[in-house]
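Student: Numbering (this note's numbering), first residue to last: 21 to 492.
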Amino acid sequence: MSFARGSRRLRRPRKAGGHRANWPSVRTSGRAVCLLPLFSCLSAPASRPQFDWQDPLVLEEQLTTDEILIRDTFRTYCQEKLMPRILLANRNEVFHREIISEMGELGVLGPTIKGYGCAGVSSVAYGLLARELERVDSGYRSAMSVQSSLVMHPIYAYGSEEQRQKYLPRLAKGELLGCFGLTEPNSGSDPSSMETRARYNSSNKSYTLNGTKTWITNSPMADLFVVWARCEDGCIRGFLLEKGMRGLSAPRIQGKFSLRASATGMIIMDGVEVPEENVLPGASSLGGPFGCLNNARYGIAWGVLGASEFCLHTARQYTLDRMQFGVPLARNQLIQKKLADMLTEITLGLHACLQLGRLKDQDKAAPEMVSLLKRNNCGKALDIARQARDMLGGNGISDEYHVIRHAMNLEAVNTYEGTHDIHALILGRAITGIQAFTASNRSDVFLKKKMELSVERLNPLLTMDENRLHLP
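Below, the structure written as structure tokens:
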């Protein structure tokens, strides 16, 4: 039996064995009338899913209970303790050292490290911490990122057990403040061309370091310096320098218009003698510092979205409250489009970060994945901050609204730890199999043959030391 409606015929499903299943029916005047299609039409409609603009794709349901608790606890600290400080800290270019101690008490320094006084939480939890901190200020997040990813991580990943026991518990508590020295005045995006040198002294089993590092977060106030230098054998190694070593100084860089609430400076080494036991034994190439940078870049990808969310929320509320021509600014289509664009990019960025965090905890996160999100999220965050500043009109340049501060901070974040274009080249190499960092590449067969056939005619300016061909 079938129930016909117009030209459509609904047939009963077959049971096992090929017989038709019975549908509910009633008997009228001796005839059985099927009721299933009628029941389908009359059944109560399911409740319509609701859209929450503050969590468009329901990120909350994809977090664990622990991750939510960690985030909410840290959010309270950031909003109650850090937000009241940031306005004057940014105006006066002051970094409050006690913030690191407070974070240590909360257990958020080196949070993914297991043991040594660290919390051992998930990579997603670490990302959520970075997001909450940068919602307040990128400078504060930079200080935490350096301490956690660029100082504690290399000691944990490349250090000896003695080094871990000596430094990690004190760094986790915030008793020690660390910094990371890789960038130099003449080598930014090309760290393989670093000029800092380490000479081994066999007489007393020590190294003598000479060189200069610049644009170093935390250096003016640091107690511990993780410095990368080229040794006599050509290998790049990490050294642990302590404040007070003879020949070591860390002058502050003044006059920044970005990251003003973060202490930035140089590391100057003039014959600094470092004992052999202060060398990180597990790192002997650029893979060491790059491993640290990948951890930090992951946190940045989360963090900048916190700054973006602040800008979105501020722009939304401002345009709802601001009346022009008799209506709120938010009544205008252009304003609504801008808000929709902001929300879209933030949402996509957050869910991409969540996926990357899960992969990271499964040891399935390739460096190129980190580059993709660091590049995209930083670029989008800067665009969002600029749009929000514009939407606030003249008030947008007032630091009391905080948006211009985020915009200026994100200019630096978009540049440091791999510029927007450098990460594009990393992705381009992954897509094409060809590196585009230098004029020559030993893995490029065509160029290699050309060099072999006409090496004597090559411009000397194109000749490069082979160690400079190993780029990120």
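Don't be surprised by glycine CBs; every beta carbon is placed ideally from N, CA and C.
So, at 7 Å on beta carbons, what are the nonlocal neighbours of S209 in its own chain, with the 5 sequence-adjacent residues on each side left out?
Tutor: Excluding residues within five positions, the ones whose Cβ falls inside 7 Å are T439 and I442.
Student: Should G369 be flagged as near chain B, meaning a C-beta pair shorter than 8 Å?
Tutor: Protein chains in the displayed structure number just one, and chain B is not present.
Student: Can you tell me whether DSSP reads V78 as helix, strand or coil?
Tutor: Reduced to three states, the DSSP call for V78 is coil.
Student: Return the CA-CA distance between C98 and S226, expressed in angstroms with no decimal places.
Tutor: Between C98 and S226, the C-alpha separation is close to 43 Å.
Student: Checking the sheet assignment: what are the DSSP bridge partners for M389?
Tutor: DSSP lists no partner for M389.
Student: Would you decide whether V347 is buried or exposed? Buried here means 16 or more other CB atoms lie within 10 Å of its CB.
Tutor: By the 10 Å Cβ count, V347 comes out exposed.
Student: Just to confirm, is the Cβ distance from E87 to V144 under 8 Å?
Tutor: For E87 and V144, yes; Cβs fall inside 8 Å.
Student: Can you look up E262 in the DSSP assignment and give me helix, strand or coil?
Tutor: Note: E262 maps to strand in three-state DSSP.
Student: Straight-line CA distance for I417 to L392?
Tutor: Straight-line Cα distance between these residues: approximately 31 Å.
Student: G147 and G319 - do their beta-carbons sit closer together than 8 Å?
Tutor: Yes.
Student: By alpha-carbon positions, which one of A270, D290 and C331 ends up nearest to A218?
Tutor: Checked all of A270, D290 and C331; the closest Cα to A218 is D290.
Student: Decide if K134 is buried, meaning its Cβ has at least 16 other Cβ atoms within 10 Å, or exposed.
Tutor: Its Cβ having fewer than 16 others within 10 Å, K134 is exposed.
Student: Could you spell out where the beta strand (DSSP E) holding W235 opens and where it closes?
Tutor: Here the beta strand (DSSP E) through W235 covers S226 to T237.
Student: Are I287 and F245 closer than 8 Å when you measure CB to CB?
Tutor: Yes, these two residues count as a Cβ contact at 8 Å.
Student: Which whole-angstrom value is the C-beta distance of S168 and G124, which I expect to be below 8 Å?
Tutor: Going by Cβ atoms, the distance from S168 to G124 rounds to 11 Å, so no, they are not a contact pair.
Student: Taking Cβ positions, are C398 and N434 nearer each other than 8 Å?
Tutor: Yes. Within cutoff.
Student: For the segment 65-80 against the segment 363-370, are there 3 or more C-beta pairs whose distance is under 8 Å?
Tutor: Verdict: yes, contact present.
Student: Hey, could you find the ends of the beta strand (DSSP E) Y220 is sitting in?
Tutor: Run containing Y220: R217 to N221, per the beta strand (DSSP E) assignment.
Student: Taking the CB atoms as reference points, tell me whether A408 and A335 lie closer together than 8 Å.
Tutor: For A408 and A335, yes; Cβs fall inside 8 Å.
Student: Using only CA atoms, which one of G275, S142, M411 and S121 lies nearest to C373?
Tutor: The candidate whose alpha carbon is nearest that of C373 is S142.
Student: Considering only the alpha carbon of each residue, which of V128, A109 and R117 lies closest to S496?
Tutor: Residue 496 lies beyond the range of the chain shown here (21 to 492); nothing can be said about it.
Student: Can you tell me which of the three DSSP states P295 falls into?
Tutor: Reduced to three states, the DSSP call for P295 is strand.
Student: Name the two residues that bound the continuous beta strand (DSSP E) containing R250.
Tutor: Counting along the chain, the beta strand (DSSP E) containing R250 begins and ends at L244 to C251.
Student: Looking at C-alpha atoms only, which residue of E81, S162 and G137 is the closest neighbour of W322?
Tutor: It is S162 whose Cα lies nearest to the Cα of W322.
Student: Measure the beta-carbon distance from W6 to M214 and round it to whole angstroms, keeping in mind my assumption that it falls under 8 Å.
Tutor: Past the boundaries of the shown model lies residue 6; the chain is included only from 21 to 492, so the question cannot be answered.
Student: With distances taken Cα to Cα, identify the nearest neighbour of F259 among V294, Y436 and A270.
Tutor: It is V294 whose Cα lies nearest to the Cα of F259.
Student: Across which residues does DSSP place I256 in a beta bridge pair?
Tutor: For I256, which the question treats as bridged, DSSP gives the partners R250.
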